[in-house]
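Participant: Before anything else, here's the structure in question.
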Amino acid sequence: MAEVKIVGLTKYFGDTCAVNHLDLVVKDGDLVVLLGPSGCGKTTTMRCVAGLERPTYGDIYIGERRVNDLEPRERDVALVFQSYALYPHFTAFDNIAYPLRLRKTPKEEINRRVTDVAELLGITHTLERQPGLCSGGEQQRIALGRAIVREPVVFLMDEPLSNIDALLRVYMRAEIKRLQHELGTTMIYVTHDQVEAMTMADMIAVMNQGTLQQLGTPGDIYDVPANNFVARFVGSTPMNFIPGRLRQKDSQTVHESDQFVIPVGEEMAVRASEMCPDGKCTLGIRPEDIRFTMSDEGRNQAQVFLLEPLGSETILDIEKEGLLLKAKDVATTQIRPGNTLSLSFDRFHLFDDATGQAIR
Ligand SMILES: Nc1ncnc2c1ncn2[C@@H]1O[C@H](COP(=O)(O)OP(=O)(O)O)[C@@H](O)[C@H]1O
Ligand SMILES: [Mg+2]
């Protein structure tokens, strides 16, 4: 078991900067998710930690050891990739046993450890089968078994669930989290799926274009996004953005857009005048934070043009002079397309247009 420390990691492929000065500490026993869009440098980061790529700059520590110059097999990490790379002609048992045989582990110990791991993963019944005769979920568990059986100090998982169907994925992500928790092994888990990240992580590291955008708990990432990229990327019904500027109006600071005038609290107004002197900023508000009443009165009115029933709740699609917003209501909503709503915005974020940084 060990902490993983990544210091100033930079990786170039020719002119492409895949990872740009990444600093990240994964505490011993934590599950940290690297989250970001395709091409943002997640896999490259993992391959550098695993020893499959050499950093252009920067250092990687596993526990007390600087591992830059160690071979992959000397690093004591286990990797699980998107493609499980099981040996098709081996049985599940032999696939799981493979890393132990490489290390010349005694036969009885192999039997015991493979049996234990198979039981932990619920795949005892597959042990005599070849992977081709197992379901996708079973194959994924066999690949996990092969990683676990080595008892590595760190698990590195790179989108391990992206090849299995959506329903099974929901179960497997809980299972991986439970396993990680039970084994207490440090894990770095890569995904581009923000729901997977939110549900699994102790800490989420959001990346974009090779750069760390924010490191925080799932709660922080959702409630206190550091910038408009993080705000946009996280949230299954995305945050609404209203471009505009800050103005003084009746001795109060307001965010004024083509559509709305929204009062800004005093504290936020002070911070905004420091961080965003030209006043140009975008207001971000999550769908569940838009409050509304069915009313033709009040200054911030808008029209509902579509309902999206999701079973447990309903998304209201609202329009005001070319600006589209999404709000949330209960499944049994009385609201209908064509209704006029009076909106209020109490809990929101402001993002400086010049830098994209959250004002707070
Ligand atoms: N072996 C390679 N050679 C050249 N460019 C690469 C190589 N591996 C990755 N890249 C580039 O580095 C960037 C980051 O890639 P990657 O780490 O695979 O992103 P992610 O896993 O987040 O999708 C991309 O622009 C990708 O094209
Ligand atoms: Mg990748």
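To get the working numbering, take the position in the sequence shown, counting from 1, and add 245.
Ideal placement from N, C-alpha and C gives every residue a C-beta, glycine not left out.
1) In the region 395-423, which residue ranges form an unbroken alpha helix (DSSP H) of at least 4 residues, counting only runs that do not cross its ends?
2) For ligand 1, I want to know if residue 402 counts as a neighbour, meaning its beta carbon is within less than 8 Å of at least one of the ligand's heavy atoms.
3) Okay, do the region 343-359 and the region 392-405 touch, 3+ Cβ pairs below 8 Å being the bar?
4) The alpha helix (DSSP H) that contains residue 258, what's its start and end?
5) Going straight from the alpha carbon of residue 423 to that of residue 390, what length do you get?
6) Does residue 338 come out as helix, strand or coil in the three-state DSSP assignment?
7) So which residues touch the region around ligand 1, with touch meaning a C-beta under 6 Å from any heavy atom?
8) Between which residues of its own chain and residue 481 is the CB-CB distance below 8 Å, once the five residues before and five after are set aside?
9) Measuring only the C-alpha atoms, how far is residue 313 from residue 432?
10) Which term fits residue 539, buried or exposed, when burial requires 16 or more other beta carbons within 10 angstroms of its beta carbon?
11) Three Cβ pairs or more, each shorter than 8 Å: is that satisfied between the region 503-518 and the region 577-584?
12) Determine the contact status of residue 436 and residue 419, defining contact as a CB-CB distance below 9 Å.
13) Can you check whether the CB of residue 248 is closer than 9 Å to the CB of residue 270?
14) Bridge partners of residue 448, per DSSP?
15) The alpha helix (DSSP H) spanning residue 393 covers which residue range?
16) According to DSSP, is residue 293 helix, strand or coil?
17) Could you work out which residue in 561, 512 and 541 is closest to residue 483 when comparing CA atoms only?
18) Given 8 Å as the limit, is there contact between the region 513-522 and the region 466-479, that is, 3 or more CB pairs closer than that?
19) By the three-class DSSP mapping on this structure, what secondary structure does residue 329 have?
20) Determine the direct distance from the alpha carbon of residue 386 to that of residue 368, and round the result to whole angstroms.
21) For residue 416 versus residue 276, is the C-beta spacing smaller than 9 Å?
22) Considering only heavy atoms of ligand 2, does any lie closer than 8 Å to the CB of residue 435?
23) Three or more C-beta pairs closer than 8 Å, one from the region 320-330 and one from the region 395-409: is that the case here?
24) Examine the Cβ distances between the region 542-552 and the region 581-590 and report whether three or more of them are shorter than 8 Å.
25) Hey, could you find the ends of the alpha helix (DSSP H) residue 363 is sitting in?
26) Can you check whether the CB of residue 453 is closer than 9 Å to the CB of residue 262?
27) Rounded to whole angstroms, what's the CA-CA distance from residue 308 to residue 250? Just pull it up for me.
Facilitator: Put simply:
1) none
2) no
3) yes
4) Looking at the DSSP string, residue 258 is not in any alpha helix (DSSP H); the run it does join, the beta strand (DSSP E), is 249-258.
5) 14 Å
6) helix
7) 258, 261, 263, 281, 283, 284, 285, 286, 287, 288 and 289
8) 439 and 440
9) 19 Å
10) exposed
11) no
12) no
13) yes
14) 277
15) 381-393
16) helix
17) 561
18) no
19) coil
20) 7 Å
21) no
22) yes
23) yes
24) yes
25) 352-366
26) no
27) 8 Å
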